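Heads up: the sequence shown begins at 98 in my numbering, then just goes up one per residue. Cβ atoms here follow ideal geometry from the backbone N, Cα and C, with glycine treated the same way. All of these numbers come straight from a predicted model, not from anything done at the bench.
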Amino acid sequence: MAESLSQARYEATIINEQQTRTLAQQLAAQAKNVIRHGLVIYLEGDLGAGKTTFSRYFIQALGHSGNVKSPTYTLVEPYELADFAVYHFDLYRLADPEELEFMGIRDYFSEHTLCLIEWPERGTGLLAPADIHLSIELQDDCRKVVVRGDSAAGQKLVNSLNQ
């Protein structure tokens, strides 16, 4: 079954911030339908690739009306929405993955929560598996975005982007 899940893939070339917003809004619209079971999205890419920008638009599209702060120094920023919670993690400054144990990382991964995790490789072994991997790669004056579904819910979301 894992083989069929790895086939769910969406690729796009983004040339401006509006296209980032549109992609985030499209994915958020579909994510609302599966959050009740919990959802984990890994965001990968170099510094300045646009992970936090994508996250900001995604969280706002889910229904958050205030500012979306970067969790670079706090590790996590919580957003309580009407029917679920969103936790935006940025693990870039994480000194040791064990710090995640001390903050109770496992408690964040549950039903009715959506976790966006920037720099997930820094928390290897302590994070819930991703439903979606979203990779942003800088290429000259644009960004290549690859979205891959790694669970049944993730596959459903990625397939909706392809329609």
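Exercise. Hey, is the stretch 191-208 in contact with the stretch 153-171, meaning 3+ C-beta pairs nearer than 8 Å?
Worked result: no
Problem set entry | Residue span of the beta strand (DSSP E) that contains Phe206, given as start and end | Premise fails: Phe206 is in no beta strand (DSSP E) and is neither H nor E.
For this session: Within 10 angstroms of the Cβ of Gln260, are there 16 or more other Cβ atoms? Answer buried if so, exposed if not.
Result: Per the 10 Å Cβ criterion, exposed.
Exercise. For the alpha helix (DSSP H) that Glu114 lies in, which residues bound it at each end?
Worked result: Glu114 to Ala128
Problem set entry | Contacts around Ala227, its chain only, beta-carbon distance under 6 Å, and the 5 residues preceding and following it disregarded | Val137, Tyr139 and Asp247
Problem set entry | Extent of the continuous alpha helix (DSSP H) run through Tyr154 | Lys148 to Leu159
Exercise. Would you call the stretch 173-188 and the stretch 205-216 in contact, with 3 or more CB pairs under 8 Å?
Worked result: yes
Exercise. Mind checking whether Arg245 and Val255 have CB atoms under 9 Å apart?
Worked result: yes
Exercise. Expressed to the nearest angstrom, what Euclidean distance is found between the alpha-carbon atoms of Gly135 and Gln127?
Worked result: 13 Å
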